[in-house]
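Written out below as structure tokens is the structure these notes cover.
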Amino acid sequence: MIDAEKGYPAPSVNADSKPFWEAARNNRLVYKRCVSCGQPHFPPRYLCPACWSDGLEWVESKGQAVVYSYTIMRRAPLPVFAKRVPYVVALVDLDEGPRMMANVVGDDALNIKVGDRVRVCFEDRGDGFKVPQFSRIA
Ligand SMILES: [Zn+2]
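Quick note on numbering: this note's numbering labels position 33 of the sequence shown as 952, and the sequence is numbered without any gaps.
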């Protein structure tokens, strides 16, 4: 777990994403899967993006993924992020299929490469939210 830090923008929660943030608060990473066609997706939606069914279920991810792409942020987009630069923003493909955007954190994060294996960790923002992030698997 990452130490609580304050002052970051809070996630924007709506009816579709509320179960995702509640699961993250309990150190669980979840995504939605279509009961009709089996398509997993992220971010959570009301309808399946493949077949438009509203028959969706929440599934818990094992939390392992592969880095699809990344960038290293060297200038803070907001003053609160200044203490973090340089840091990694990555697109990661969960083993179960969905693609997520998250930070890759940890001492060796800046050595990131496309194709690296990563696992989820949960950053406690100290405001009631935990944000799923990823760290490299050695
Ligand atoms: Zn579907």
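Glycine is no exception: its CB is placed at the ideal position from the N, C-alpha and C atoms. Remember, it's a predicted structure, so these values are computed and weren't measured experimentally.
Residue i: first and last residue of the uninterrupted alpha helix (DSSP H) it sits in
{"i": "W940", "result": "K937 to R944"}
Where the beta strand (DSSP E) containing residue i begins and where it ends
{"i": "L975", "result": "L975 to E979"}
{"i": "Y950", "result": "V949 to C953"}
Cβ pair residue i, residue j closer than 7 Å
{"i": "R993", "j": "D1027", "result": "no"}
{"i": "L1010", "j": "S980", "result": "no"}
{"i": "G974", "j": "V949", "result": "no"}
{"i": "G1039", "j": "F1048", "result": "Reading the sequence as shown, one finds Val at residue 1039 and not Gly. Against a cut-off of 7 Å, the Cβ pair of F1048 and V1039 comes out as no contact."}
{"i": "F1000", "j": "P963", "result": "no"}
{"i": "L1013", "j": "A969", "result": "no"}
{"i": "N946", "j": "F1041", "result": "yes"}
{"i": "A929", "j": "D1035", "result": "no"}
Cut-off 6 Å between Cβ atoms - residues of its own chain near residue i, not counting five sequence neighbours on either side
{"i": "M1020", "result": "L1010"}
{"i": "R952", "result": "P959, E976 and V978"}
{"i": "A995", "result": "A1001 and V1004"}
{"i": "G926", "result": "V999"}
Same chain only: Cβ atoms within 8 Å of residue i, ignoring 5 sequence neighbours per side
{"i": "R1018", "result": "F961, Y987, L1010, V1011 and D1012"}
{"i": "P1005", "result": "I991, M992, R993 and L1029"}
{"i": "C956", "result": "C967, A969, C970 and S972"}
{"i": "V1037", "result": "Q983, A984, V985, V986, A1009, V1011, V1023, F1053, S1054, R1055 and I1056"}
{"i": "V1007", "result": "Y989, T990, I991, M992, N1022, V1023, V1024, A1028, L1029 and I1031"}
Expected contact under 8 Å - CB spacing of residue i and residue j to nearest Å
{"i": "I1031", "j": "V1023", "result": "5 Å"}
{"i": "A942", "j": "V1050", "result": "About 12 Å separates the two Cβ atoms, so there is no contact after all."}
Chain-order list of residues whose beta-carbon lies under 7 Å from that of residue i (same chain, five-residue window excluded)
{"i": "D935", "result": "P963, R964 and Y965"}
(request) Tell me the start and end of each unbroken beta strand (DSSP E) in the region 992 to 1055 that is at least 3 residues and wholly inside, in chain order. (result) Within the region 992 to 1055, the complete beta strand (DSSP E) runs of at least 3 residues are 1006 to 1013, 1018 to 1024, 1036 to 1043 and 1049 to 1055.
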